[in-house]
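Have a look at the structure below before the remarks.
In UniProt numbering, the protein residues as written are 1 to 764.
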């Protein structure tokens, strides 16, 4: 069996024309003829039907070229080996359900059949789905040999119906004979003949042959299946809904995506969607989800049918509907999701864990906060988690973090369950679980064991992280939120090689994640001497995040009013600066600086007109600014600093340095231009005039999405930001949404009084 599977993967299309390929041992090579053409994947969607028709001609001519070789074989007799069949595996080649199942191990299960349980719940499903458990009368080995002999002898005279009959009968051979049959030259000839006669097959013939291929486990990459897909495309408008669903289901069982067939099927559905019965609707959504191919317009129509049948749908079917919409990346409306939540809550004790996970996925995708469902998840999930596979545990944990739903019972159950079976986690599972705990800013009671086991697993799965680089920054950020910094992993993630790999091998833009990690390490790991992002990437990340933050905040009227009121209270825009003190934390702040007397400093040079800069800085220490004083200052020692500027641009104030982009001195991103500007300003006024702020305030304008659901506990990223601001000497002034938003409807005087208290009380 192992040798056969290996041969299926390695042998190429040209083996058909090689006489050496027709020995009994090598004859299995016929079953991967398209592996070089599509790389084992499905053909591109844009291949036309005409192109496929040409392929039929080419395949047939290739088959014809070896007809003489077959008939002149020195051993045209028995094709089945009794010895081989006694040793052959009973698993079917190429079948997606050929997986061992250990009922006691929750990590080992047949995921293919697991998702098809709903098909057993109504007799109507039998009409339009394939049932692998159906049995037929077994064909004996001798009868099979006789059929293959007839194929060799009568190959020029076989009719289409006879070919179909032979294929169906041969699929009834004992399962242990299937690998031997696939290695038979006579069976390869029979398949060639089916391709030549395929235009004579009617719908039922097509269905019967596809069923035979499913039973025999024909490899999904076989080019013969391209021809069969083309025939299915031509046949769509001759089929009824049950037949179309059955054909789609058979292709699913073959493990092959058929985009051309599904495109035409979608066109058919757009005309006949109102005629779908309940079982057809649910089965169709399953097929759509498994193929990840659908038009949004059609899915909206199907959603209206879900509402039509909502009171008749059982919980297993609800799970199937959620999974289908989730896999096809299609939203269900909030109204429908609340209906689904009500159905689940009404009988949640009888909801299978499989359906529970599928429903949870869709709630996460739509971000609908069904409160009763969340409450019941908090009660039932801790009991279910030990019996869930790690992938199910991951989806449940990710649901909690996506909806900001911190339930300690659920999180503790996950943390307790995971360490003994962490080896079953994929890199994706490790990443999402660490991200979820970090996002919710929650350390379980067994935090040391929990985190050490997951960090060790990251080390063991480094080859997998190289294949899926997007998961490593996710892991490390989830850890960083809770102050875990595995230095060797961070050093690797920020290395030029991994950064280049992340940019080349993933469809995700990881710059924001890597920049957040890099900035965090710079503040929280002062002894770190490993790799850091290049200056270019840091600048690019900063600009990107500032663009997003500025656009977001400036679109909020309540934020703009807050800025205006603060400026009014403090004395003008020069006393308040809207910027990102910590760009890598992805949100902006309103910075205010106070002097030793707790009076605001006009530090925002960007908001200060050049002609007023000197006045502001001098007035602040009680110096009266007069024309005489200005002339003295400009003719004194400071003149040398500005001589070139004043001579080239006579009549203009020599304050060019004040127009430079600036960040407050002592701030996180203070650059060289700022420092030089400070030195030149020192020449303009005595040292006593240059005041270092006693206190730097970071005014945080918060919203409910920065807190755990229904609480005032900050999420991981926002808690980490406050932690880092404190490390840099900032004091956070929080304008929380539960205080500030209601106050915006009150009088201007009340709002100013509130802001005054917040700013100046926090400084005490």
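In this text, a Cβ means the ideal position worked out from N, Cα and C, and glycines have one as well.
The straight-line gap separating the alpha-carbon atoms of residue 356 and residue 319 is approximately 7 Å. With a threshold of 16 other beta carbon atoms within 10 Å, residue 547 falls short and is exposed. The beta carbons of residue 283 and residue 254 sit about 17 Å from each other, so the pair does not count as a contact at 8 Å.
Residue state for residue 473 is assigned as helix, using DSSP reduced to three classes.
According to DSSP, residue pairing for residue 730 in a beta bridge involves 696. Nearest to residue 117 by C-alpha distance, out of 352, 345, 393, is 352. Shortest Cα-Cα distance from residue 270 to any of 337, 738, 295, 199 involves 295. Looking at the DSSP output, residue 707 shares a beta bridge with 714. Rounded to whole angstroms, the gap between the alpha carbons of residue 570 and residue 443 is 41 Å. Secondary structure of residue 486 (DSSP, three-state): coil.
A Cβ-Cβ separation of about 19 Å leaves residue 250 out of contact with residue 166 under the 8 Å criterion. By the beta-carbon neighbour count (other beta carbons within 10 angstroms, threshold 16), residue 123 is exposed. Taking the Cα positions, residue 322 is about 46 Å away from residue 751. In this chain, the beta strand (DSSP E) harbouring residue 592 covers 589-594. The region 304-319 and the region 158-176 do not touch, with fewer than 3 CB-CB distances between them shorter than 8 Å. C-alpha of residue 354 to C-alpha of residue 257: approximately 24 Å in a straight line. Of the other Cβ atoms in all chains shown, 16 or more fall within 10 Å of the Cβ of residue 513; this residue is therefore buried. Secondary structure note for residue 579: its beta strand (DSSP E) is the uninterrupted segment 577-579. With respect to the C-alpha of residue 288, the residue from 217, 115, 328 having the closest C-alpha is 328.
In the structure shown, residue 118 falls within a helical segment according to DSSP collapsed to helix, strand and coil. Residue 251: member of the alpha helix (DSSP H) spanning 241-254, first to last residue. Per DSSP, residue 391 is one residue of the alpha helix (DSSP H) stretching across 390-402. Per the C-alpha coordinates, the member of 262, 552, 480, 177 positioned closest to residue 441 is 480. Here residue 376 is near residue 348, since their CB atoms are less than 7 Å apart. In the DSSP assignment, residue 738 falls within the unbroken alpha helix (DSSP H) covering 737-743. Following the DSSP letters along the chain, one finds residue 410 inside the alpha helix (DSSP H) bounded by residues 408-417. When rounded, the separation of the alpha-carbon atoms in residue 391 and residue 595 is 55 Å. Non-local C-beta neighbours of residue 386 in its own chain, meaning closer than 7 Å and more than five positions away in sequence, comprise 417, ordered along the chain.
Residue 159 counts as exposed, since fewer than 16 other C-beta atoms from the protein chains shown sit within 10 angstroms of its C-beta. In the DSSP assignment, residue 760 is bridged to no other residue. The alpha-carbon separation between residue 452 and residue 435 amounts to approximately 15 Å. Residue pairing by DSSP puts residue 600 in a beta bridge opposite 594. With a cutoff of 7 Å on beta-carbon distance, residue 696 and residue 539 are scored as not near each other. In its chain, beyond the 5 residues on either side, 235, 238, 239, 243 have a beta carbon closer than 8 Å to the beta carbon of residue 203. In the displayed model, residue 213 falls within a helix according to three-state DSSP. The region 294-313 makes contact with the region 335-348, as at least three CB pairs between them are under 8 Å.
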